[in-house]
Amino acid sequence: MNKDVRFTIFEKPLEPRERLSSDDPKYLEALKQHDETVEGVRKKIVESPRELFSHLLGALVTQPDTFASIAPKSVRRYGYVAKHFLAALSGREKSASPYVPLEQYCLDDTFSSNRTIYFRLFNVDPDDFMDSIFRELLEDYIDRLQNSIALVCHMVYRGLPLYVDEGSGNFRELESNDETLVFIKGMGKYFYPPDDCTAAPEWLLGLYLKPGDVDLYHLIYSQQDPPSPDEEKILMKAYQTGLGRTSGAGSEEKSSLKEKSDELFSMDDYADVRNDLLGQLNYLVDNVLKIPAEIFKDHGTSAFTMQLSQAAKDLPEAQDGAMYEKASKSFELLCASVPNVPRGALEALSMSYSALTLDYDNSMNTDKLLSRLSMLMAIATGVGKIFGMLPNASVVDVRSESERRAMLSRAGRLGAEKKNEGTATLKAWALSMASGLRGADRDIARKLILELPAELADKSKNPERLIYEALLKQRRK
11 MNKDVRFTIF EKPLEPRERL SSDDPKYLEA LKQHDETVEG VRKKIVESPR
61 ELFSHLLGAL VTQPDTFASI APKSVRRYGY VAKHFLAALS GREKSASPYV
111 PLEQYCLDDT FSSNRTIYFR LFNVDPDDFM DSIFRELLED YIDRLQNSIA
161 LVCHMVYRGL PLYVDEGSGN FRELESNDET LVFIKGMGKY FYPPDDCTAA
211 PEWLLGLYLK PGDVDLYHLI YSQQDPPSPD EEKILMKAYQ TGLGRTSGAG
261 SEEKSSLKEK SDELFSMDDY ADVRNDLLGQ LNYLVDNVLK IPAEIFKDHG
311 TSAFTMQLSQ AAKDLPEAQD GAMYEKASKS FELLCASVPN VPRGALEALS
361 MSYSALTLDY DNSMNTDKLL SRLSMLMAIA TGVGKIFGML PNASVVDVRS
411 ESERRAMLSR AGRLGAEKKN EGTATLKAWA LSMASGLRGA DRDIARKLIL
461 ELPAELADKS KNPERLIYEA LLKQRRK
């Protein structure tokens, strides 16, 4: 979240309120001042939401005593989340350290993805004014933080390493029998969120993770549907292999792995995984690194050729040297085309892309298939390293959000039908209004959000996204 965030305010006339009948001048004057204050704040929310909310959040964080009488519930419940909401709203930069506090990772996941903040002004209660403002603004983020913590616990259950800072820049990975790690894995196994996030859970503090490990996690577990128990075991083993860990597995375990591979992975499955990785590399080249197409076509495999020429011991020395020199010049041209990208990232990209584009045998037996699967794991690790070396810390693998959505979808599956009942009217209205409009679905959704009736605004906490998805689904029919 940063200065580019948009605030969208939904409002409608307030419902008439019953008030105590009195002729007491002091009561009437106090009532008048209260109504004027409420109306003034409402007007300010509509005209300058960022300015007002930043001011209120700052006061709640730095001057809680000021709100002790006018918003006592907010002081107790929202102080922690308000502090980090304000930091995100101010455009807090992510740390470039190879180790990130676990608490900070969860907070970044909670606040960094929003580009539009919807505030339903009609939910603000004039008789409980400040508390209801903070509740409408912040309550949803407590839920999101709980889900973020639950998600990272599930990642730890699946093998994501955690570390503790021992000082002097030294970090130690938690042992498998560490009590805190066992507790986190227990929560993660069942995707169980913490009961309360009015403050950071005590067990969350003092722990760290590595963004590179997270990138690799999303590459390994990049699938829309939850895996079966057998698939889960294979993926967990693949993740540990990608982290560079070796197990003391005996022949019995290796034999079992072959049987699982025969059962779970066919040549078609291998091709699907290979093509998926190739798609991620193409996404990197075109949308993240923005390497010109002609440059990458001519020089994309240069680092691989350099390594190949060094390994070609049987070639005549002059020919070997000429091959290396040509490949080296080609790699320099690749680096020059994107000077802000680290050379190490381009080298990893070239090696991964070259390995994937090599021809492969359609009649592979189990041993060859296992070997190729190991190669894919290594390539997935290479792609994760590329993301980790990029200077822009905000770059996130496109698969990470689909992984998050899949996990949250599974956690909320039981309430999906009831939720859909409340959004059906909003979708029907959007499809009806969009029938005469032209343009991209997202542009149409942004136009419709400006015309959204107040009675439909509370059907979803993100109506623009709901409208966009309804339009997209309609177009695909």
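In the working numbering, the protein residues as written are 11 to 487. Where a beta carbon is used, it is the ideal one built from N, C-alpha and C, also for glycine.
Under three-state DSSP, which class holds residue i?
i	result
Tyr109	coil
Asn180	strand
Phe201	coil
Tyr173	strand
Leu219	strand
Arg448	coil
Val224	helix
Asp296	helix
Lys469	coil
Val162	helix
Pro35	helix
Cys345	helix
Asn350	coil
Thr208	coil
Ile301	coil
Arg154	helix
Pro236	coil
Glu461	coil
Leu288	helix
Thr251	helix
Tyr478	helix
Asp308	helix
Asp188	coil
Arg168	coil
Tyr231	coil
Asp369	Because the pLDDT of Asp369 is 44, which lies under 50, any placement of that residue in the model is unreliable, and the number read from its coordinates should be weighed accordingly. Asp369: coil per DSSP, three-state reduction.
Gln317	helix
Give the C-beta separation of residue i and residue j to the nearest angstrom, bearing in mind that I take them to be a contact with Cβ-Cβ under 8 Å.
i	j	result
Leu184	Leu172	5 Å
Tyr249	Ile230	5 Å
Val348	Leu299	6 Å
Ser84	Leu70	6 Å
Ser360	Ser312	6 Å
Arg87	Thr208	5 Å
Gln317	Val393	Contact flag wrong, Cβ pair sits at about 18 Å.
Leu481	Ala444	6 Å
Pro221	Val351	So it is not a contact: roughly 17 Å between Cβ atoms.
Arg358	Ile396	Looking at the sequence provided, one finds Ala at residue 358 rather than Arg. Right, their Cβ atoms sit about 5 Å apart.
Ile477	Ala440	4 Å
Phe121	Ala92	Wrong, their Cβ atoms sit about 11 Å apart, outside the cutoff.
Leu287	Ile389	6 Å
Leu344	Gly310	7 Å
Tyr6	Phe63	Coverage of the chain is limited to positions 11 through 487, which leaves residue 6 absent and any answer about it impossible.
Thr315	Ala332	Not really, about 12 Å apart at Cβ, beyond 8 Å.
Item to check | Contact the segment 464-484 vs the segment 129-139: 3+ CB pairs below 8 Å | outcome: yes
Next on the checklist: Ignoring anything shorter than 3 residues, give me the beta strand (DSSP E) runs that lie fully in the segment 51-137, in order along the chain.
Outcome noted: 126-130
Next on the checklist: So, does the segment 48-62 touch the segment 112-122, judging by three or more C-beta pairs under 8 Å?
Outcome noted: no
Next on the checklist: Pairs of beta-carbons, one from the segment 145-161 and one from the segment 202-216, closer than 8 Å: are there three or more?
Outcome noted: Here the segment 145-161 makes contact with the segment 202-216; the two share three or more CB pairs at distances below 8 Å.
Checklist entry - Per the contact definition of three or more C-beta pairs closer than 8 Å, is the segment 175-194 in contact with the segment 138-148? => result no
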